[in-house]
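Residue numbers (numbering that gives the first Met the number 0), protein chains in the order written: chain A, 0 to 630; chain B, 0 to 501.
First up is the structure itself, then whatever we jot down about it.
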Amino acid sequence: MSKKRLYLILGCVLVAYVLLAIAPVFAQDLTEAEYRPFPKIGSRNAAWIAAQLHLLFGSFILGVPMFAVIIEFIGWKTKDMRYDRMAQEFIKLCMGAFSTTALLGGVLVFILIWCYPKVMSKLSGIFGPTMIFYVILFFGETFTLYLYSYGWDKMQGRHKGWHLFLGVLLNVFGTAIMFVSNSWLSYQTSPATQYGILSEGRRKSWIEEKLAADPSLTPETAMEGVTSHTMVPLHNETTGEFMGTLWDAVNNFTWMPVNIHRLVGNIAFGGSIVAAYAAFRFLVAKTKEDKAHYDWMGYTGNFIALCGLIPLPFLGYWLGREIYMFNNTMGINMMGSLFSWLFILQAVMIGVLFIGANYYLWAGMGRISGAEIYARYRPYMITIIVICVAIWMTPRTLSKISSASELSAMGGANHPHLGLFGLMTAKNTAVNIIILTTFLSFLFYRRSGKTPTASWGKVGNIAISSIFFLATVSIVVIGIVGFTVPTDLRVNVLTPYQVLVALAVMAVVTVVDIFMYRKATTSGTIQWGEMTDRSQYVLILIAITFTSLMGLMGYARSGLREAWHIFGVMQDTSADAFTPLLSEAVNMVAVIMVAFFALVGFIFWLGLWGEKKKQASTDAAEAAITAEGDD
Amino acid sequence: MSRNTLIKIASLILMVVSFIAYIAGASAFPIASENLLPWSVWFLISVIINIVLWSNVMKLLTFSLAVIWFYAFVAGLVPESSTAVNLTSLDWSDPDAVAEQGALVFNGKGQCSACHTVDTSAPKGRCPDLTDIGLNAASRVPGMDVRTYLIESLYEPANYLVTGYGKIMPEVWKAPIALSKLEIQAVIAYLESLGGEIDPTDFEEPIDRADTAVAAAALPPLLTGDPELGKKVFVTAACNACHVVQGVESPAAGETSADFEVVTAPDLSEIAAFNDMRYLEESVLLPSVQIVSGYGAVTVRANGITYQGTLVSQDTEQIVVRTKTADGVEEEHTILLSDLDEEPIEELSNLQAKGYFTLTLTPTDASASVTGEIVSETEETVTLKINGEDKTFSKIDVKSQLTVVTFDGDEIVGEHISGTIDDDEIVLNVDGSEVVIDTFDVEEVTFTRASGKKLLVTSPMPENFPLLLSVSDMTNLLSFLSTLTGATAEATPAEVEDASAE
């Protein structure tokens, strides 16, 4: 890395720090101005673009180190330097994106402070201490990343353990940063509206409020009957003033579900972007070695993405449940009203992801000799996946957002027979079966070209087949029972059972399979680099779909607040106090996608350029040495 | 530059331009003032040309752009309406335009369409269908015109509930929906336009926004109870006999942990997480005001059989009742509402509050009885829906049936003409002939003014529950309940030890 680039990164960090540090003061001076317009595109669009781009880059730089450190660890333990090199390559990609993330964060803060001073004043008033903490964590992450990346070659051998420790530390900082910033946005969606203990910290504002409401009181009489157990609402019902502790605000309803959802989402997203990068390099590779390397890298990236993708529907379900718990109306709006269509589009995208991921695995089996025996299962598997995706896409509650003529064109709010599949119990069943089918694809891939030598191989296969069969039957039966029980039982008991069945199958079968194939004979190794170009396009498709999905769900999460900056507490009185149409939102997401991939492409190109320059100078030096030798 | 290169560059430019134009919603590509093809088609054409002509990198870019466009295109196909409404004034010179604005609020910011339908063919929503509400509202509450009813319904939705629907509508003028007066006026105009006439006159809000806000500020709920003591009250008052709270000893849960279906009352482990203090207070002090779906107690009689148990579910045609035998065997019975037996009614007062939903009576000026669904009632009248029409009957001018049981065991039933048990004789009209009965022989007399089908759902909680507790116990109990947010409810080490000891 050049000094110039280092200074650029440090400069961005400093800008971000200064903006964060002055945020409360700046906003305080401007409390009179609720909103300031952003020229040309408007405040909301400006904040939207900056926030989404920052989030996408942030997600990438948080997700990649997670699996990079695991791959590095595998390389260290197996003494296979290929893994180490790949992990290093991942971190190089991350380094390029890091400064852009910081820069976009700075831009976002600037836009928010400029366009929404009152909102920022309110948020910084509540979350001030966490913002300082955020800056400290940011410094920690920045310098750990530098040490981790630049120390890679120097910390080999006996220092490898320390290097891995740096990697873990980097992830700790990154995760903590995300948790902190998630508290701000999750508070906006689900502010702590319930009651809390009247602690010392809020006693003063409590007394002031009582005295203001009833002038006949004195500070002493206002506190009569108030004990250490006294419960007070966390927001003043009139002014919306937050009276809780910082922890009350941080630990709101959706904070932890958003944290975990994003944590796993980052891994999946990071994996998919790495796979897309590898696909690009594969397509432009000139040598067989390069093709083989990027084929392997693409496979690994896709595998990581798949590992993250599988639990995501479950985590999304948890987040949705917490939203319902926080506010029933918000929950209804989410999937049963205003955003119904969005979730149908989401199903289309997730369907594309699963079909794409399965296709890639099947295509990958083409480069393994001996994998042909599994080809006969593909038509059945694709049929199952397509049917399940169709069920997942079945609309149900469109009557709330459709006109009479549209309903009449559809033949009613719900199809007389297929409408049944629009219910969550059918959709959950479909999702679980898709996940199990995808897992089966992976299992076939893993087994391709191998023959188990374990004496109990046949029994093992029968056991695995039986587990799959019984699990599928159980999931379907639970799904059917789900139609007949009250919602609370379905949500709280049956759906978790379905999820547990799917997870248990994956865990048990993986263990059995590992033991079965431990000393397996190999009929053919993987011919890395022998993948079709089409499969590489699938990797690109997965990355773009993932990115679009993140943008779409970002719109859903923010849109659920409707005309509120902080739901139920601070109203949005700007000209943008409405939820944009899905088509408008997706157009905006499309613009952001183009900007994101253009930026990512530019950063990767910069990396390639640097690499080429380095290679050219090395070649020149080698040529010079050879020439000198010849002389 | 070769022709091939020119075509490639032109195609690339067309792709970028058509993508931008599509996203920006530009009108179709104009040629000689005629719209030739929409931008989406131009985009697709350019994508195909690019994929055919260009090699790796540009092909990849084309593919990426096509995928991004595809999702935007799919979203563009979705029929939807905007929630953007910015009402600063209403132009009453054009009432239809006001109603249109109201429809926007109805479907957007007001979130009314999340629960209400305006289509009789649509499946039953969470709240009543509002087709022709501009006409029907006049017959909802006797003496209340359309406008008054609609105003009441929007500002104080819990005042009059349509039979079969729960108290779930929020007060839309309060946060988070927080409609302004102008927005509510527009919604009312829209609702009036549904089968009725739009009334452009102004009205006074039945609430005082400023006063309500001040009152809320002056009287923030203050609970001084001790949650730990409240936890003990939860056990000593036997709340845990039916309710489960994680971390609290529960005989009900202990008995039935293997079978989730037999929990007799809602799990309260996260009750404060999604309910406010007012709801908790109301649930403890007036348990039958709002009953959690699936936990109401009912006693119904159908085809001569009495079912006593829990109302599992209910729709417009049937109910499902779960009963439990003395042996603890549970059974679910699906009962058609039409199969419920008619029960005699002695007093024609508070019929709906008593759970009656149909009524059979004989007006004094009629020879035959009439039967209909109860729509509404006042002290003097009751309105029935008979063959789709609402008809109002006097509660006083109703022929009474009298059942006289003599000491000999005879039961004589007839239309009451004169006399009571305190008189010397009672005169009845039995099948057209007058029957005079000497009260000296009469053991029991029962007046029946009408009969009706009844479905009364009550809370299984004892009605006198509040009286069983002292004020301090009640405060402690409420404090304890308010801590049950689930997210923060963690067992203390001592509780864990207790649990493991058990």
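Each residue gets a CB set at the ideal place from its N, CA and C atoms; glycine is no exception.
Close beta carbons around residue i, own chain, < 8 Å, minus the five adjacent residues each side
| i | result |
| --- | --- |
| leucine 455 (chain B) | Val297, Thr298, Lys353, Gly354 |
| leucine 350 (chain B) | Ile344, Leu358, Ile373, Glu376, Val381, Gly451 |
| arginine 208 (chain B) | Trp172 |
| alanine 470 (chain A) | Leu435, Val500, Ala501, Ala503, Val504 |
C-alpha gap between residue i and residue j, whole angstroms
| i | j | result |
| --- | --- | --- |
| aspartate 266 (chain B) | valine 500 (chain A) | 25 Å |
| glycine 224 (chain B) | cysteine 238 (chain B) | 17 Å |
| asparagine 49 (chain B) | tryptophan 41 (chain B) | 12 Å |
| leucine 332 (chain B) | isoleucine 183 (chain B) | As written in the sequence, residue 332 (chain B) is histidine, which differs from the leucine given in the question. Taking the straight line from one Cα to the other gives about 44 Å. |
| alanine 185 (chain B) | isoleucine 197 (chain B) | 10 Å |
| tyrosine 316 (chain A) | asparagine 250 (chain A) | 19 Å |
| glycine 246 (chain B) | glutamine 345 (chain A) | 39 Å |
| glycine 355 (chain A) | isoleucine 349 (chain A) | 10 Å |
| glycine 195 (chain B) | valine 484 (chain A) | 40 Å |
| valine 435 (chain B) | glycine 295 (chain B) | 46 Å |
| leucine 483 (chain B) | leucine 477 (chain B) | 10 Å |
| aspartate 213 (chain A) | proline 94 (chain B) | 45 Å |
| aspartate 144 (chain B) | threonine 363 (chain B) | 28 Å |
| glutamate 342 (chain B) | asparagine 327 (chain A) | 38 Å |
| glycine 478 (chain A) | methionine 587 (chain A) | 37 Å |
Where residue i falls: helix, strand or coil (DSSP)
| i | result |
| --- | --- |
| isoleucine 385 (chain B) | strand |
| isoleucine 290 (chain B) | coil |
| leucine 480 (chain B) | helix |
| alanine 365 (chain B) | coil |
| phenylalanine 566 (chain A) | coil |
| leucine 427 (chain B) | strand |
| serine 375 (chain B) | strand |
| valine 247 (chain B) | coil |
| alanine 346 (chain A) | helix |
| proline 256 (chain A) | helix |
| serine 417 (chain B) | strand |
| alanine 574 (chain A) | coil |
| alanine 449 (chain B) | strand |
| alanine 429 (chain A) | helix |
| alanine 157 (chain B) | coil |
Beta-carbon contacts of residue i that lie in its chain and below 6 Å, excluding the five residues immediately before and after
| i | result |
| --- | --- |
| threonine 445 (chain B) | Thr402 |
| isoleucine 132 (chain B) | Leu190, Leu193 |
| tyrosine 147 (chain A) | Leu165, Gly166, Leu169 |
Residue i burial status per 10 Å Cβ neighbour count (16 or more: buried)
| i | result |
| --- | --- |
| methionine 0 (chain B) | exposed |
| tyrosine 189 (chain B) | buried |
| tyrosine 149 (chain A) | exposed |
| glutamine 641 (chain A) | In the structure as shown, chain A starts at 0 and stops at 630, and residue 641 (chain A) therefore has no counterpart that could be examined. |
| tyrosine 516 (chain A) | buried |
| tyrosine 379 (chain A) | exposed |
| tryptophan 604 (chain A) | exposed |
| alanine 9 (chain B) | exposed |
| glutamate 88 (chain A) | buried |
| methionine 80 (chain A) | exposed |
| proline 64 (chain A) | buried |
| proline 127 (chain B) | buried |
Residues of its chain near residue i, where Cβ-Cβ distance is below 7 Å and the 5 sequence neighbours each way are ignored
| i | result |
| --- | --- |
| phenylalanine 164 (chain A) | none |
| valine 475 (chain A) | Thr428 |
| glutamine 110 (chain B) | Ile176 |
| alanine 214 (chain B) | Residue placement at alanine 214 (chain B) is poorly supported in this model, since its pLDDT is 49, which falls under 50; the coordinates still yield a value, given next. There are no such residues. |
**Prompt:** Any chance the segment 239-252 of chain A sits against the segment 112-130 of chain A, with 3 or more Cβ pairs inside 8 Å?
**Reply:** yes
**Item:** Touch test, the segment 360-368 of chain A against the segment 521-530 of chain A, Cβ-Cβ under 8 Å, three pairs minimum
**Value:** yes
**Prompt:** Is the segment 263-276 of chain A touching the segment 303-315 of chain A in the sense that three or more CB pairs, one from each, lie closer than 8 Å?
**Reply:** yes
**Prompt:** At a cut of 8 Å, does the segment 314-333 of chain A reach the segment 290-302 of chain A through at least three beta carbon pairs?
**Reply:** no
**Message:** Tell me whether the segment 81-100 of chain A and the segment 48-57 of chain A touch, counting them as touching only if at least three CB pairs, one residue from each stretch, are closer than 8 Å.
**Reply:** yes
**Prompt:** Given 8 Å as the limit, is there contact between the segment 421-436 of chain B and the segment 308-327 of chain B, that is, 3 or more CB pairs closer than that?
**Reply:** no
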